[in-house]
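Everything on this sheet refers to the single structure shown next.
Number of protein chains: 4
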Amino acid sequence: MNLRKQKVAKKRKEMFRSAAKVVTNKGYDRATMEDIAAELLMTKGALYYYFDNKEDLIFQCHDLILSEALNEIEEIASMDLSPELKLEKAIKTHIDYAINEKEMFNMILVPEHTFVDDHLKLILEKRKRYTSVFDRIIEEGINKEDFKTSDSKMIRMIILGAMNWIQTWYSPRGGRSAEEIAETYSDLLLKLLS
Amino acid sequence: MNLRKQKVAKKRKEMFRSAAKVVTNKGYDRATMEDIAAELLMTKGALYYYFDNKEDLIFQCHDLILSEALNEIEEIASMDLSPELKLEKAIKTHIDYAINEKEMFNMILVPEHTFVDDHLKLILEKRKRYTSVFDRIIEEGINKEDFKTSDSKMIRMIILGAMNWIQTWYSPRGGRSAEEIAETYSDLLLKLLS
Amino acid sequence: MNLRKQKVAKKRKEMFRSAAKVVTNKGYDRATMEDIAAELLMTKGALYYYFDNKEDLIFQCHDLILSEALNEIEEIASMDLSPELKLEKAIKTHIDYAINEKEMFNMILVPEHTFVDDHLKLILEKRKRYTSVFDRIIEEGINKEDFKTSDSKMIRMIILGAMNWIQTWYSPRGGRSAEEIAETYSDLLLKLLS
Amino acid sequence: MNLRKQKVAKKRKEMFRSAAKVVTNKGYDRATMEDIAAELLMTKGALYYYFDNKEDLIFQCHDLILSEALNEIEEIASMDLSPELKLEKAIKTHIDYAINEKEMFNMILVPEHTFVDDHLKLILEKRKRYTSVFDRIIEEGINKEDFKTSDSKMIRMIILGAMNWIQTWYSPRGGRSAEEIAETYSDLLLKLLS
DNA sequence: CATGAATGAGGGTTCATTCAT
DNA sequence: GATGAATGAACCCTCATTCAT
Chain A
12 MNLRKQKVAK KRKEMFRSAA KVVTNKGYDR ATMEDIAAEL LMTKGALYYY
62 FDNKEDLIFQ CHDLILSEAL NEIEEIASMD LSPELKLEKA IKTHIDYAIN
112 EKEMFNMILV PEHTFVDDHL KLILEKRKRY TSVFDRIIEE GINKEDFKTS
162 DSKMIRMIIL GAMNWIQTWY SPRGGRSAEE IAETYSDLLL KLLS
Chain B
12 MNLRKQKVAK KRKEMFRSAA KVVTNKGYDR ATMEDIAAEL LMTKGALYYY
62 FDNKEDLIFQ CHDLILSEAL NEIEEIASMD LSPELKLEKA IKTHIDYAIN
112 EKEMFNMILV PEHTFVDDHL KLILEKRKRY TSVFDRIIEE GINKEDFKTS
162 DSKMIRMIIL GAMNWIQTWY SPRGGRSAEE IAETYSDLLL KLLS
Chain C
12 MNLRKQKVAK KRKEMFRSAA KVVTNKGYDR ATMEDIAAEL LMTKGALYYY
62 FDNKEDLIFQ CHDLILSEAL NEIEEIASMD LSPELKLEKA IKTHIDYAIN
112 EKEMFNMILV PEHTFVDDHL KLILEKRKRY TSVFDRIIEE GINKEDFKTS
162 DSKMIRMIIL GAMNWIQTWY SPRGGRSAEE IAETYSDLLL KLLS
Chain D
12 MNLRKQKVAK KRKEMFRSAA KVVTNKGYDR ATMEDIAAEL LMTKGALYYY
62 FDNKEDLIFQ CHDLILSEAL NEIEEIASMD LSPELKLEKA IKTHIDYAIN
112 EKEMFNMILV PEHTFVDDHL KLILEKRKRY TSVFDRIIEE GINKEDFKTS
162 DSKMIRMIIL GAMNWIQTWY SPRGGRSAEE IAETYSDLLL KLLS
């Protein structure tokens, strides 16, 4: 049934969100399957119908958000825009995730403390693909002489570091909206390339 | 005995280092007291001779490195230098910690996942003092019209975020020395203020 | 399910009995959760499905037997009987518990060695209610001039002390049945009031 | 050295008293060697110079008080007095211990929760000797037809139970002095034999 | 599909005991 | 004689996981 599959897919997304919420609040190890189930008004046992085990649940969760973000960022990279505009768009998209998907985003920041072996490897590869998109955009700008820098990796790491830090201090009740922050950051960070 | 006290103090530092190492590698929750003890060629029980419990051990560890860094950074802020030079020095010092005290540094990045209640409060207060030193230097530069920016907090957060991210990618076997990185970062980050 | 609840209630009673047995034999501190679980042919972990922790298990156990005995004794006090007959009945009931619920009874004798704070307070309050029933009966007898004594509290404490000591020496293989003992005790103890 | 031995003996008595104090307050299992040492302003290790181990310490403590009480009670039994006066004296002596050596006394009430095997056997034998002194006095009274009862054991157990219960409620800040209590108890308990 | 119940492995912590100094 | 330090066994408790119903 297509309808059924859609329903299941929707349910899984709900589960991801709840899982992310709990994991972000408590950390992976302190978040129990019971906590996650309770957030979903389910019993612990029911989760095992949908997922093999805790790591599997969180891994899929992790993978989903990463894949989504990767898609968006790759789409931006392939647009017919100037490197500067691409980078601006990429920065704003990243910050949008950092703020508006705070829970998911927060959860994936340090995968080394959650996963080992294969899962970790898969996650790290996808992250590498993600960061390499930024590298490509920056190098494109360097080639076109839009950007002036001798060290694209360093710049990329500054940019990502600065953005990933946002979720440690951002609060919706703070004085700045997500858009303002994205605007300010992209303005400032692009300065690094001029 | 003063000699005895010195010995104990030295031993405690060793313990801090080992604890930080294990916690950084595995995360607070996965690092067992046994792991930490093994790293020190001790038994688990011996740790409890020196510390009340796991949280106490890690908290003291946490507090030590934070206090040290705070002292250094405050000393820089009180020097008789131009804001630009102060900021440069502060950035280089911070990066020096991030790289050369990687284990300690890494451990303290997200205290929310380790501590709760009083310990967390104490840590967060000290962190606030740390970040406010950066704010002061930046504002000093703005007042002297050495720096051009309308939003010192934002700049500070970009700077700290960029620096704190270093430990996620730095490796001593990478192509760049700690000094090079510090140099590059301070050059680039100061651009944000020009 | 009402049926399920009944089952659970029954199981809990079983657990109380086993817990009391082990605690009486070994004392609270030496009785391990594993001991109690083994007595029930369960694993340790299963106990934690029903009770929050060891103290909780023993407290509930404690509270149950105390409440039951209190109910019986209060019922006797409210009967339409002479104080003498009431006291006789109360004594016999108490001794019946002391002997036939030896394990439960024994466990609750010195709550100070088991509980602290709130739990202890609750237990002590209920015990006070229990002893005050005896006081009421005795005072009723004094008022009706059935009993001759100037110090009802002292009498009550002698009576309770004498009865509570039974479980230190009673053995089902001894020469006296529970009924004989109860008979003898009530005869003798009532002498104190004549 | 006789002087030295005396000193040591005195020290040991001090230790017994401290140990009894701690054990009475916390119970045998909750009283740690450290607690006892702290009470004596010693370190834990030093206790092991005087005693083989915890059980040994408490056993000796136990044995001392029991032997003392036994001596006193046996002396009374061998006096040239009427059984009635002997029993009165014995009761008063026992109550004096119960109240004025509350800590020691309390500790020895339920040896089954402290000792096992040989130590327990020794204690129980000495207790048997103690109770048999009461039996002897009562039987003497029966033979001389001073006392009227058919069941001396039962009487003895009532008497001892009543007296041993005193320490659960006695407080120096209560309204009755030790002497008053002893007086009242001996009056009342002797009634059981008339 | 979902639940209640149970398991078992593992971690934090305590503490009697030992021992070099 | 005494101390600081260390050990190791045992205990309470948690929780991912399983499974009968």
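Chains A, B, C and D, in that order, give the protein sequences.
With the numbering used here applied, the first sequence corresponds to residues 12 to 205, in that order.
With the numbering used here applied, the second sequence corresponds to residues 12 to 205, in that order.
With the numbering used here applied, the third sequence corresponds to residues 12 to 205, in that order.
With the numbering used here applied, the fourth sequence corresponds to residues 12 to 205, in that order.
Yeah, the Cβ is synthetic: ideal placement off N, Cα and C, and Gly gets one too.
Item	Value
Classify Lys144 (chain A) as helix, strand or coil using the three-state DSSP reduction.	It should be pointed out that residue 144 (chain A) corresponds to Val in this sequence rather than to Lys. Of the three classes helix, strand and coil, the one that applies to Val144 (chain A) here is helix, per DSSP.
Let me check understanding here. Comparing Cα to Cα, which of A:Ile84, A:Glu156 and A:Cys72 lies closest to Lys22 (chain A)?	A:Cys72
Is it buried or exposed, Pro122 (chain B), if we count other Cβ atoms within 10 angstroms and call 16 or more buried?	buried
Does any C-beta atom of chain A lie closer than 9 Å to the C-beta of Arg41 (chain B)?	yes
Asn64 (chain D) touches chain C at which residues, Cβ-Cβ below 8 Å?	Within chain C, no residue comes near Asn64 (chain D); the closest Cβ sits about 16 Å away, beyond 8 Å.
Are Asn111 (chain A) and Ala57 (chain A) close, meaning C-beta to C-beta below 9 Å?	no
Starting from Ile192 (chain A), trace the alpha helix (DSSP H) both ways and give me its first and last residue.	Ala189 to Lys202
Look at the alpha carbon of Phe158 (chain C) and the alpha carbon of Glu66 (chain C), and state the distance between them as a whole number of angstroms.	42 Å
Would you kindly check if the distance between the Cβ of Ala101 (chain A) and the Cβ of Ile148 (chain A) is under 9 Å?	yes
Could you tell me the alpha carbon to alpha carbon distance between Ser29 (chain D) and Ile47 (chain D), rounded to whole angstroms?	6 Å
Between the alpha carbons of Leu201 (chain C) and Thr195 (chain C), how many angstroms are there, rounded?	10 Å
What runs of the alpha helix (DSSP H), each 4 residues or longer, lie entirely inside the region 121-169 of chain D?	128-154
Answer yes or no: does any C-beta atom of chain C fall closer than 9 Å to that of Lys132 (chain D)?	no
On a Cα-Cα basis, can you pick out the residue from C:Asn13, C:Asp129 and C:Met174 that is closest to Glu99 (chain C)?	C:Met174
Assuming the contact rule is C-beta atoms closer than 8 Å, Phe70 (chain C) and His124 (chain C) should be a hit. Round their C-beta distance to whole Å, please.	Not a contact, Cβ separation roughly 13 Å.
Rounded to a whole number of angstroms, what is the C-alpha to C-alpha distance between Arg41 (chain A) and Ala20 (chain B)?	32 Å
CB Leu81 (chain C) to CB Lys137 (chain C), shorter than 9 Å?	yes
Which runs of the alpha helix (DSSP H) at least 4 residues long sit entirely within the region 41-107 of chain C? Give them in chain order.	44-50, 55-61 and 65-88
Among the residues of its own chain, which have a CB less than 6 Å from the CB of Trp176 (chain D), if the five just before and after it don't count?	none
Taking its Cβ as the centre, do 16 or more other Cβ atoms sit within 10 Å of Arg15 (chain A), making it buried, or is it exposed?	exposed
Step through the CB atoms of chain A and report whether any lies within less than 9 Å of the CB of Ala173 (chain B).	yes
So, does the CB of Met168 (chain D) fall closer than 9 Å to a CB anywhere in chain C?	yes
Answer yes or no: does any C-beta atom of chain D fall closer than 9 Å to that of Gly38 (chain C)?	yes
With a cut-off of 8 Å on the beta carbons, I'd call Glu85 (chain C) and Gly152 (chain C) a contact; round off their distance for me.	Glu85 (chain C) to Gly152 (chain C), Cβ: 17 Å. No contact.
Using the three-state DSSP reduction, which class does Ser205 (chain A) fall into: helix, strand or coil?	coil
Who are the neighbours of Lys202 (chain A) on chain B, taking C-beta pairs under 7 Å?	Lys202 and Leu203
Whose C-beta lies closer than 7 Å to the C-beta of Ala88 (chain A) among residues of the same chain, with five residues either side of it excluded?	Lys97, Val144, Arg147 and Ile148
Answer with yes or no whether the minimum CB distance from Ile47 (chain C) to chain D is below 9 Å.	no
Is the shortest distance between the beta-carbon of Asp146 (chain C) and the beta-carbons of chain D less than 9 Å?	no
With 9 Å set as the bound, which would you pick, yes or no: does the beta-carbon of His124 (chain C) sit closer than that to a beta-carbon of chain D?	yes
Using 9 Å as the limit for Cβ to Cβ distance, is Thr104 (chain D) near chain C?	no
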